[in-house]
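Participant: If you count the sequence shown from 1, you need to add 3 to reach this note's numbering. Backbone N, C-alpha and C define an ideal beta-carbon position, used for all residues, glycine too.
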Amino acid sequence: MSRIARRFWVLLPLVAAVPLVAVEKPPAELPAPKGYVCGKAAKPPVIDGQLDDEAWKTAAWTDDFVDIEGDAKPKPTHRTRAKMTWDDKGLYIAAEITEPHVWATITDHDAVIFHDPDFEVFLDPDGDNHLYGELELNARNTTWDLLLTKPYRDGGRPVNGWEITGLKTAVKVNGTLNDPSDTDVGWTVEILWPWAGLDELALKVAPPKVGDRWRVNFSRVEWDFEVKGGKYVKIEKRPEHNWVWSPQGAIDMHRPERWGYLQFAEKADGVKYAPDPAQAVKDRLHVAYYAQLAYRKNHGRFATSAAALGLPDSPLGGPEFEVTKHGFEARLVAPKTAGGKTWTITNDSRLWGE
Numbered sequence: 004m005s006r007i008a009r010r011f012w013v014l015l016p017l018v019a020a021v022p023l024v025a026v027e028k029p030p031a032e033l034p035a036p037k038g039y040v041c042g043k044a045a046k047p048p049v050i051d052g053q054l055d056d057e058a059w060k061t062a063a064w065t066d067d068f069v070d071i072e073g074d075a076k077p078k079p080t081h082r083t084r085a086k087m088t089w090d091d092k093g094l095y096i097a098a099e100i101t102e103p104h105v106w107a108t109i110t111d112h113d114a115v116i117f118h119d120p121d122f123e124v125f126l127d128p129d130g131d132n133h134l135y136g137e138l139e140l141n142a143r144n145t146t147w148d149l150l151l152t153k154p155y156r157d158g159g160r161p162v163n164g165w166e167i168t169g170l171k172t173a174v175k176v177n178g179t180l181n182d183p184s185d186t187d188v189g190w191t192v193e194i195l196w197p198w199a200g201l202d203e204l205a206l207k208v209a210p211p212k213v214g215d216r217w218r219v220n221f222s223r224v225e226w227d228f229e230v231k232g233g234k235y236v237k238i239e240k241r242p243e244h245n246w247v248w249s250p251q252g253a254i255d256m257h258r259p260e261r262w263g264y265l266q267f268a269e270k271a272d273g274v275k276y277a278p279d280p281a282q283a284v285k286d287r288l289h290v291a292y293y294a295q296l297a298y299r300k301n302h303g304r305f306a307t308s309a310a311a312l313g314l315p316d317s318p319l320g321g322p323e324f325e326v327t328k329h330g331f332e333a334r335l336v337a338p339k340t341a342g343g344k345t346w347t348i349t350n351d352s353r354l355w356g357e
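(1) Going along the chain, which residues of its own chain have a beta-carbon closer than 6 Å to the beta-carbon of Thr349, five neighbours each way excluded?
(2) When the distance is taken between beta carbons, is Val247 closer than 8 Å to Phe68?
(3) Pick helix, strand or coil for Ala341, following the three-state DSSP scheme.
(4) Is it buried or exposed for Val26, if we count other Cβ within 10 angstroms and need 16 for buried?
(5) Look at the Cβ atom of Thr145, then the Cβ atom of Asp111, and state whether they are nearer than 8 Å.
(6) Measure the CB-CB distance between Trp346 and Ala291 and report whether it falls below 8 Å.
(7) Whole beta strand (DSSP E) runs in the segment 275 to 352 with 3 or more residues, listed along the chain?
(8) Please classify Ala98: does DSSP put it in a helix, a strand, or coil?
(9) For Asp185, which residues from the same chain have a beta carbon less than 8 Å from its beta carbon, with the 5 sequence-adjacent residues on both sides left out?
(10) Please report the straight-line C-alpha distance between Arg258 and Ile116, rounded to a whole angstrom.
(11) So, for Val162: in the same chain, excluding its five sequence neighbours on each side, which residues have a beta-carbon less than 8 Å away from its beta-carbon?
(12) Can you tell me the Cβ-Cβ gap for Leu94 and Trp196, rounded? I've got them flagged as a contact below 8 Å.
(13) Have a look at Pro36 and Trp64 and give me their C-alpha separation to the nearest angstrom.
(14) Buried or exposed: which applies to Leu126, given that a residue is buried once 16 or more other Cβ atoms fall within 10 Å of its Cβ?
(15) Counting only the same chain and skipping the five closest in sequence on each side, list residues whose C-beta sits under 6 Å from that of Leu354.
(16) Taking the C-alpha atoms as reference points, what is the distance between Gly343 and Arg334?
(17) Please classify Pro120: is it buried, with 16 or more other beta-carbons within 10 angstroms of its beta-carbon, or exposed?
(18) Apart from the five residues on each side of it in sequence, which residues of its chain come closer than 8 Å, Cβ to Cβ, to Ile167?
(19) Rounded to a whole number of angstroms, what is the C-alpha to C-alpha distance between Arg261 and Asp51?
(20) Let me confirm a value: Asn301 is counted as buried when at least 16 other C-beta atoms fall within 10 Å, else exposed. Which label applies?
(21) What do you reckon, are the CB atoms on Glu243 and Gly189 nearer than 8 Å?
(22) Assuming Ala306 contacts Gln295 under a Cβ cut-off of 8 Å, what Cβ separation, rounded to an integer in Å, is found between them?
(23) Using three-state DSSP, classify Ile254 as helix, strand or coil.
(24) DSSP three-state label for His104, please.
(25) Using 8 Å as the threshold, is the segment 226 to 238 in touch with the segment 78 to 92, meaning 3 or more CB pairs across them?
(26) Given Val40, which residues of its chain have a CB within under 7 Å of its CB, disregarding the five upstream and five downstream residues?
(27) Run the CB neighbour count on Pro79, radius 10 Å, all protein chains shown included, and call it buried at 16 or more, exposed below.
(28) So what's Glu357 in DSSP terms, helix, strand or just coil?
(29) Hey, could you find the ends of the beta strand (DSSP E) Lys92 is sitting in?
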C-alpha cells in the first residue's frame, strides 16, 4: 500500500474486520516509545499562538521530530518540536514548525486538514488502544477533531461529529501566509485541550494525578509543492512527508502502542522520566497480536499457542491464548518488578491490565 493510500485509509467509512495493514516490524525491534515529563503551570499560557508565556519558558522541548518510520529514513528537512504543560483546567500543547514557505488553503472546520501541511495531536489517556482522540490544524488555524473507536486496522471508525469540549487553538505565522515571493521562518501553535474534552476517551483519568502516564504523539504532514500563478500548488502524485515525535515504525499514525508517554509532574524541573515498567510485557503482547493477524490471514483462524505462532523466546514466556471462532485474548503476567498485573490484548488490539 502506498504512502498516500495509507493516509486516505482514514477517510473510509468502513474497514474490513480482518486488518489489511501488515506490520513491517514487531514492536520489540523498534526503539522504546519516547517520554516527556509534563510539569504543572503556575499560570496558564494565553492561547494566542505566541510562545512567550512564562509557562512555556519553563517547559522543555521534545526531541526534534523524525520520519514516521524511524531513523532508517532520512531526517526531516525542517525542524519540528513541541512542549506541554497542564493545570486544573486542561492540557496545554505548543509546537514550533520551521518552514520557509508557509501555506494553507483549507478553511472549513472538520475538513480533511492533512491535505494541507498540518500539525496533529493524538491522545489516548488510558493507553488501551481504543477510544482515542485526534486533532489536526493547519497554518490558518482550521481544525479537525475526531474520535476513533479503535484503530482502522481493527475495524475502527472515525466519529467526525465529535467535538472537543472547550478546545482552544491559535496559530502565529512568522512570515506571510500563502506568499511565495518571500521566505518565512515558520509557524507556531498553541492548544488548550480541556479535561472536559476527554470524557469520551477514558473513565476517571482526567484530570490526571501527579505520576500518571498517558499515551500521546504528534505528527507533522508536509507536501512537496511548486509555484504556479503566484500560488503554492502541490506536486501531483508525490507522497506526503510524515514527521513525528515518537516514531511509529510504519506509515501509520493509528498504532497507539507506538505513541510516546506523557508523564505528569508537579514540577518538571529535576524530575526524571520513568519508563513504563510494563513496556516489555505490552510489547510482547503486541508482537503476539500482529503474529495472530498474519496467522489468521494465512490459515483462516487464530493460533492457540505461542509455539504455533513461532514467537521468539522471551524471559517473559507466553503469552497464553483463549481462542474462539471469531477472536482471541492473549494474557501475560508481568513480573512483580513490572507491577505484577495480568495484561490482556484482544484480536482488535484492546489492551488492559488488572
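Facilitator: Judging by the given coordinates:
(1) Locating residue 349 in the sequence shown gives position 346, counting from the first residue. Here the set comprises Glu332.
(2) Here residue 68 refers to the residue found at position 65 of the sequence shown. Here residue 247 refers to the residue found at position 244 of the sequence shown. Taking 8 Å as the Cβ cut-off, Phe68 and Val247 qualify as a contacting pair.
(3) Position 338 of the sequence shown, counted from the first residue, corresponds to residue 341. For Ala341, the secondary structure class from DSSP, reduced to helix, strand or coil, is helix.
(4) Translated into positions along the sequence shown, residue 26 becomes position 23. Confidence in Val26 is poor, its pLDDT being 45 and thus under 50, which makes the residue's placement too unreliable to answer from.
(5) Within the sequence shown, the letter at position 142 stands for residue 145. Within the sequence shown, the letter at position 108 stands for residue 111. Closer than 8 Å, so yes.
(6) As a first step, residue 346 is located in the sequence shown; it is residue number 343 there, counting from the start. As a first step, residue 291 is located in the sequence shown; it is residue number 288 there, counting from the start. Using a Cβ distance threshold of 8 Å, Trp346 and Ala291 do not count as a contacting pair.
(7) Counting whole runs of 3 or more residues, the segment 275 to 352 contains the beta strand (DSSP E) stretches 323 to 326, 331 to 336, 345 to 349.
(8) As a first step, residue 98 must be located in the sequence shown, where it is residue number 95. Correct three-state label for Ala98: strand.
(9) Counting from one through the sequence shown, the residue named residue 185 turns up at place 182. Excluding five sequence positions before and after Asp185, the CB atoms of its chain that fall closer than 8 Å to its own CB belong to Gly178, Thr179, given in chain order.
(10) Translated into positions along the sequence shown, residue 258 becomes position 255. Translated into positions along the sequence shown, residue 116 becomes position 113. Taking the straight line joining both Cα atoms gives about 20 Å.
(11) As a first step, residue 162 is located in the sequence shown; it is residue number 159 there, counting from the start. Only Leu149, Leu150, Leu151, Thr152 meet the Cβ criterion.
(12) As a first step, residue 94 is located in the sequence shown; it is residue number 91 there, counting from the start. As a first step, residue 196 is located in the sequence shown; it is residue number 193 there, counting from the start. Taking 8 Å as the upper bound for CB-CB distance, Leu94 and Trp196 are in contact here, some 5 Å apart.
(13) On the sequence shown, position 33 is the one that residue 36 refers to. On the sequence shown, position 61 is the one that residue 64 refers to. Cα-Cα distance, rounded: 16 Å.
(14) Here the question's residue 126 lines up with position 123 in the sequence shown. That one is buried.
(15) For the purposes of this step, residue 354 is taken as the residue at position 351 of the sequence shown. So the qualifying residues of the chain are Asp131, Asn132, Ile348.
(16) The residue labelled residue 343 in the question sits at position 340 within the sequence shown. The residue labelled residue 334 in the question sits at position 331 within the sequence shown. Roughly 13 Å separates the two Cα atoms.
(17) Walking along the sequence shown from the start, residue 120 turns up at place 117. Classification of Pro120: buried, given that the 10 Å Cβ count is 16 or more.
(18) Taking the first residue of the sequence shown as 1, we reach residue 167 at position 164. Sequence-distant partners of Ile167 (beyond 5 residues in either direction) whose C-beta falls short of 8 Å from its own C-beta, in its chain, are Gly136, Leu138, Asp148, Trp196, Pro197, Gly200.
(19) Your numbering for residue 261 matches position 258 in the sequence shown. Your numbering for residue 51 matches position 48 in the sequence shown. Those two C-alpha atoms are separated by around 31 Å.
(20) Your numbering for residue 301 matches position 298 in the sequence shown. Classification of Asn301: exposed, given that the 10 Å Cβ count is below 16.
(21) On the sequence shown, residue 243 is found 240 positions in, with the first residue counted as 1. On the sequence shown, residue 189 is found 186 positions in, with the first residue counted as 1. No, the Cβ-Cβ distance between Glu243 and Gly189 is not below 8 Å.
(22) Taking the sequence shown and counting its residues from 1, the one referred to as residue 306 is at position 303. Taking the sequence shown and counting its residues from 1, the one referred to as residue 295 is at position 292. Under the criterion of beta carbons closer than 8 Å, Ala306 and Gln295 qualify as touching, at roughly 6 Å.
(23) The count along the sequence shown starts at 1 and reaches residue 254 at position 251. DSSP places Ile254 in coil when its eight states are reduced to three.
(24) Start at 1 with the first residue of the sequence shown, and residue 104 comes out as number 101. Under the three-state reduction of DSSP, His104 is assigned to coil, being neither helix nor strand.
(25) Judged by Cβ distances under 8 Å, the segment 226 to 238 makes no contact with the segment 78 to 92, as fewer than three pairs qualify.
(26) Within the sequence shown, numbered from 1, the residue matching residue 40 stands at position 37. Once the five neighbours on either side are set aside, the close Cβ partners of Val40 are Gln266, Ala268, Ala271, Val274, Tyr276.
(27) Counted from its first residue, the sequence shown places residue 79 at position 76. Buried: at least 16 other Cβ atoms inside 10 Å.
(28) The residue labelled residue 357 in the question sits at position 354 within the sequence shown. In the structure shown, Glu357 falls within a coil segment according to DSSP collapsed to helix, strand and coil.
(29) Position 89 of the sequence shown, counted from the first residue, corresponds to residue 92. For Lys92, no beta strand (DSSP E) encloses it, and the DSSP letter there is neither H nor E.
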